[in-house]
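Below is one structure, written out as structure tokens; the observations come after it.
Protein chains: 2
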Amino acid sequence: MGKMQMTEERRKQQNKIKRVGVIGGGQLAWMMADAAKKLGVDLIIQTSHKDDPAVSIAKDIVLAEIDDYQATTKLANSCNVITFENEFINIDELSFLAEKDVIFRPSLSVLKPLLDKYEQLCYLQDLGLPVPNFWEWGKEIEPLSFPLVLKARRHGYDGQGTFIVKDIESLQSQGNSEFFIQEFVPFDREVAVIAARGVAGEVKIYPVVETQQQNQVCRRVFVPDENWELGEKIEAIAHSLLNSLEVVGVLGIEMFITQDKKVLINEIAPRTHNSGHYTLDACQTSQFEQHLRAVCGLPLGSTALKARGAVMVNLLGYEFGKKNYLTKQQQLASIPNASIWWYGKTESRPGRKLGHVTVLLDQENSETMGREAKAIADQIENIWHS
Amino acid sequence: MGKMQMTEERRKQQNKIKRVGVIGGGQLAWMMADAAKKLGVDLIIQTSHKDDPAVSIAKDIVLAEIDDYQATTKLANSCNVITFENEFINIDELSFLAEKDVIFRPSLSVLKPLLDKYEQLCYLQDLGLPVPNFWEWGKEIEPLSFPLVLKARRHGYDGQGTFIVKDIESLQSQGNSEFFIQEFVPFDREVAVIAARGVAGEVKIYPVVETQQQNQVCRRVFVPDENWELGEKIEAIAHSLLNSLEVVGVLGIEMFITQDKKVLINEIAPRTHNSGHYTLDACQTSQFEQHLRAVCGLPLGSTALKARGAVMVNLLGYEFGKKNYLTKQQQLASIPNASIWWYGKTESRPGRKLGHVTVLLDQENSETMGREAKAIADQIENIWHS
């Protein structure tokens, strides 16, 4: 294990954070680059892939697996605070570092109830927040009514590790104790919200957005969600959650809206989130800047929209190979008010997130805007798949 | 473009094939290694990943994208015949090589109607083979009855590019001309068969197996399928298909068995196939040896089972990281009559195929064997996920 800085020195550093360690090197770390520059902060990235998007924008790299605790010790020695780009970490090992006064933001105690999705739902339920019915593997499911959702407790992503099962035989043959069971919610729509909490405890909440998934992978985000009447309820949920957790940083909250207009929390991501990528172009402060602000102990920025609305479409790989799709990027860039974010991944793979496009909208009438947003999303997907 | 060998010389080489070029370096190429050794053949692999499983077993490597036609020219110059490990190739570019007497097995004319899944279904339908109803994008769907299946015409794999849509709005928002539409078949079970055809036109068919998918990814294969009465019908389909195609090499045929016991072809893979991995341990000749035999112009081997039955379980990644799961491999190896095939991928990712286990079964009673097979599959998955 590497040499550890002294406690007093480390405490002082909190007040002048200039170097932020980030565990994970994917697009979520990469999209912090502009904000880091603006705030005068260097990012030091721990990742095992020298081709990862964030490697190109990092001041320094610790080239190691993201759950490699010795590498994180090295990372800790070269920066003032450590944050996370993804949740595939080993919290027990990191707690040794936390005991030695390495500062994690969010803290490990915030992450602890969130990393395992079964424990996450227990935590939310204990807070009195609305969640679907759910059951631990091996417990009696009451009422037993199919379909049910079988979800991996950890390491699920983009629909990997989520299965809809139709009968008891499928449930028994497909599941095991690495999974838990969740009620299937025949939702009217799915929505999400990004919320941030600063070191001083202030909470800022972004507009609620509608997310559209295909095979559990996010494809489109519509800003704002048209379903205004639930905005207040969702904001209250976010406030309650962030204050209970005492989180420092940004969270993504994914929710179902049921046909009878109930809100049910589906999942919490303890980090910046795909449903908040639109904030890069459409908000006064992007979720990435907001997260860095929180992590660096700076006051949070405004979450206000800079346009009446926006639509974000993910560019998902649809073939194998090392391609940069320059022509398609150019065509997408020619859509009025569009920003293309291309993550610079060296390799395409069907379903892989290669980039996204956000288009700002300026219709006064929300119905007209909804139609325009849909038409633009269609146009983007047609260019991308042509 | 590289130097091209002369035609006459190349023709002669057909009779003494010692070097086989393989486009693609994944586990399907890697599993040819034992057969290549047995047959005294060298494998030269074209892949863009120096970490790919098959790199370690290759005599030589052409390090390039699999659809890089200039690299394939180089590959052609260093081997007697070229075959394919996957279908993500550019057939138009390769046809220039075929015109210069580079030998592809299967030939490009065999691959041509199969690479695009819409064209594949058209081809099968024209042959009079049973397929689900299907429609080109933009054509009238008649009868219009949901759910429908939206499938990518190309580059789909392991469920990527297949979507079940529930209404016309989802269909319109999710689809485009890169997709086609297929009737949703509420099948009783899914089955598959591996069939091979040699240079001389002989056809060999392996036992029909039951395949169990989760989110369109194969998890378990039961050998043989219990549904004996359809064996003859499926064999007839395979014969008809292979003879019409005049394919040289192995094909995987995936089928639905409907609740009223009809056979419908879902998809053809013009290569060795996951549903045939059990043949490595359970058959006189593995599908990989069979394919190499066909490609090298050797007589095909026996497809007979060496045991009364077998069960194959895929080991799918469930987390991120560079891991080799040695303890789990050892536990799996201690199951009686089990063979572990570990593909040596340097990196795990949820859903990624990292290996498979085949267990041979020797029960006389097919019902008892079915129960044992299921219990063993459960045991394997419990070890793997524990």
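Going down the list, the protein sequences come from chains A and B. Using my numbering, read the first sequence as starting at 1 and increasing by one per residue. Using my numbering, read the second sequence as starting at 1 and increasing by one per residue. Note that the Cβ used here is the ideal one computed from N, Cα and C, for glycine as well. These figures come from a predicted structure and were not determined experimentally.
Counting along the chain, where does the alpha helix (DSSP H) carrying glutamate 93 of chain B start and finish? Residues 91-99.
Could you tell me whether the Cβ of aspartate 167 of chain B comes closer than 8 Å to any Cβ of chain A? So no, aspartate 167 of chain B is outside the interface.
Rounded to whole angstroms, what is the Cα-Cα separation between arginine 352 of chain A and glutamate 267 of chain A? Going from the Cα of arginine 352 of chain A to the Cα of glutamate 267 of chain A covers about 21 Å.
Could you tell me if glutamine 70 of chain B is buried or exposed, where buried requires 16 or more neighbouring beta carbons within 10 angstroms of its beta carbon? Glutamine 70 of chain B comes out exposed.
Among B:Lys345, B:Ser107, B:Glu119, whose alpha-carbon lies nearest the alpha-carbon of proline 53 of chain B? Closest by alpha carbon: B:Lys345.
With H, G and I counted as helix, E and B as strand and the rest as coil, what does DSSP make of threonine 211 of chain B? Collapsing the DSSP output to three states places threonine 211 of chain B in a strand.
Give me, in chain order, the residues of the same chain whose beta-carbon lies closer than 8 Å to that of serine 244 of chain B; leave out the 5 immediate sequence neighbours on both sides. Taken in chain order, the residues that qualify are Leu127.
Quick check: leucine 124 of chain A and arginine 197 of chain A, are their CB atoms within less than 8 Å of each other? Contact annotation: leucine 124 of chain A and arginine 197 of chain A have beta-carbon atoms that are not nearer than 8 Å.
By DSSP, does serine 386 of chain A sit in helix, in strand, or in coil? In the three-state reduction of the DSSP assignment, serine 386 of chain A falls in the coil class, being assigned neither a helical nor a strand state.
Determine the burial state of proline 224 of chain A: buried for a count of at least 16 other Cβ atoms within 10 Å of its Cβ, exposed for fewer. Under this definition proline 224 of chain A is a buried residue.
Buried or exposed by the 16-neighbour rule on C-beta atoms within 10 Å, applied to tryptophan 228 of chain A: Flag for tryptophan 228 of chain A reads exposed.
Could you tell me if serine 302 of chain A is buried or exposed, where buried requires 16 or more neighbouring beta carbons within 10 angstroms of its beta carbon? With fewer than 16 other Cβ atoms within 10 Å, it is exposed.
For the candidate residues B:Gln160, B:Ala269, B:Gln182, B:Gly297, whose alpha-carbon lies nearest to that of lysine 139 of chain B? The shortest Cα separation from lysine 139 of chain B among B:Gln160, B:Ala269, B:Gln182, B:Gly297 belongs to B:Gln182.
The region 41-48 of chain B contacting the region 18-25 of chain B, beta-carbon criterion three pairs below 8 Å: Between the region 41-48 of chain B and the region 18-25 of chain B there are three or more C-beta pairs closer than 8 Å, enough to call the two in contact.
For chain B, find out if any of its Cβ atoms is closer than 8 Å to the Cβ of lysine 322 of chain A; answer yes or no. Output row for lysine 322 of chain A: interface = yes.
Assumed close pair alanine 238 of chain A, isoleucine 205 of chain A - CB separation to whole angstroms, cut-off 8 Å: The pair is a contact, with the Cβ atoms about 5 Å apart (cut-off 8 Å).
Could you round the C-beta distance between arginine 154 of chain A and aspartate 92 of chain A to whole angstroms and report it? I think they count as a contact, below 8 Å. Rounded to whole angstroms, the Cβ separation of arginine 154 of chain A and aspartate 92 of chain A is 13 Å, and the two are not in contact under 8 Å.
When you compare each of A:Leu150, A:Gln172, A:Glu169 to phenylalanine 163 of chain A by their alpha carbons, which one comes out closest? Put simply, of A:Leu150, A:Gln172, A:Glu169 the residue whose alpha carbon is nearest the alpha carbon of phenylalanine 163 of chain A is A:Leu150.
Are the C-beta atoms of glutamine 5 of chain A and some chain B residue less than 8 Å apart? Note that glutamine 5 of chain A has pLDDT 48, beneath the 50 cutoff, so the model's placement of it is unreliable and the number below is only indicative. By this cut-off, glutamine 5 of chain A is not an interface position.
Do three or more CB pairs link the region 245-261 of chain A to the region 305-315 of chain A at distances below 8 Å? By the Cβ test, the region 245-261 of chain A is not in contact with the region 305-315 of chain A, since fewer than three Cβ pairs between them sit closer than 8 Å.
Do you know how far the Cα of valine 102 of chain A is from the Cα of methionine 1 of chain A? Legend: pLDDT at methionine 1 of chain A = 37, less than 50; position of this residue unreliable, value from coordinates given subsequently. Each residue's CA atom was taken as its position, placing methionine 1 of chain A and valine 102 of chain A some 14 Å apart.
Report yes if the C-beta distance between tryptophan 135 of chain A and serine 177 of chain A is below 8 Å; otherwise report no. It is not a contact, given that the beta carbons lie outside the stated cut-off.
Under a Cβ-count criterion, where at least 16 other Cβ atoms within 10 Å of its own Cβ denotes burial, should phenylalanine 146 of chain B be classed as buried or exposed? Exposed is the call here.
Coil, strand or helix - valine 193 of chain B by DSSP: The three-state reading of DSSP puts valine 193 of chain B in strand, counting E and B together.
Beta-carbon separation (whole angstroms), glutamine 284 of chain A vs lysine 306 of chain A, contact threshold 8 Å: At roughly 6 Å, the Cβ-Cβ gap stays under 8 Å, so glutamine 284 of chain A and lysine 306 of chain A are in contact.
What does arginine 67 of chain B reach in chain A if we use C-beta pairs closer than 7 Å? Looking at the sequence itself, residue 67 of chain B is aspartate, so the reference to arginine does not match. Neighbours of aspartate 67 of chain B in chain A, taken as residues at a C-beta separation under 7 Å, are given in chain order as Gly321.
Since leucine 361 of chain B sits in a beta bridge, which residues does DSSP pair it with? The beta-bridge partner set that DSSP reports for leucine 361 of chain B consists of B:Gly309.
Tell me whether the region 353-363 of chain B and the region 325-341 of chain B touch, counting them as touching only if at least three CB pairs, one residue from each stretch, are closer than 8 Å. The region 353-363 of chain B is in contact with the region 325-341 of chain B.
Pop quiz: glutamine 214 of chain B and glutamine 213 of chain A are said to be a contact at Cβ under 8 Å. What is the actual Cβ separation, rounded to whole angstroms? Contact between glutamine 214 of chain B and glutamine 213 of chain A is ruled out by a C-beta separation of about 18 Å, above the 8 Å threshold.
For chain A, check one thing: does any of its Cβ atoms lie closer than 8 Å to the Cβ of glutamine 259 of chain B? Taking Cβ atoms only, chain A never reaches closer than 8 Å to glutamine 259 of chain B, which makes this a no.
Can you tell me the Cα-Cα spacing of glutamate 190 of chain A and asparagine 86 of chain A, whole angstroms? Using only the alpha carbons, I get a separation of about 22 Å.
CA-CA distance, arginine 371 of chain B and histidine 385 of chain B? Rounded to whole angstroms, arginine 371 of chain B to histidine 385 of chain B spans 21 Å at the Cα level.
Beta-carbon proximity list for lysine 18 of chain B, same chain, < 8 Å, skipping 5 on both sides: Here the set comprises Gly40, Val41, Asp42, Asn80.
Could you give the residue range of the alpha helix (DSSP H) that holds glutamate 169 of chain B? Segment 168-174, the alpha helix (DSSP H) holding glutamate 169 of chain B.
Is it buried or exposed, leucine 148 of chain A, if we count other Cβ atoms within 10 angstroms and call 16 or more buried? If you draw a 10 Å sphere on the C-beta of leucine 148 of chain A, you find 16 or more other C-beta atoms in it, and that means buried.
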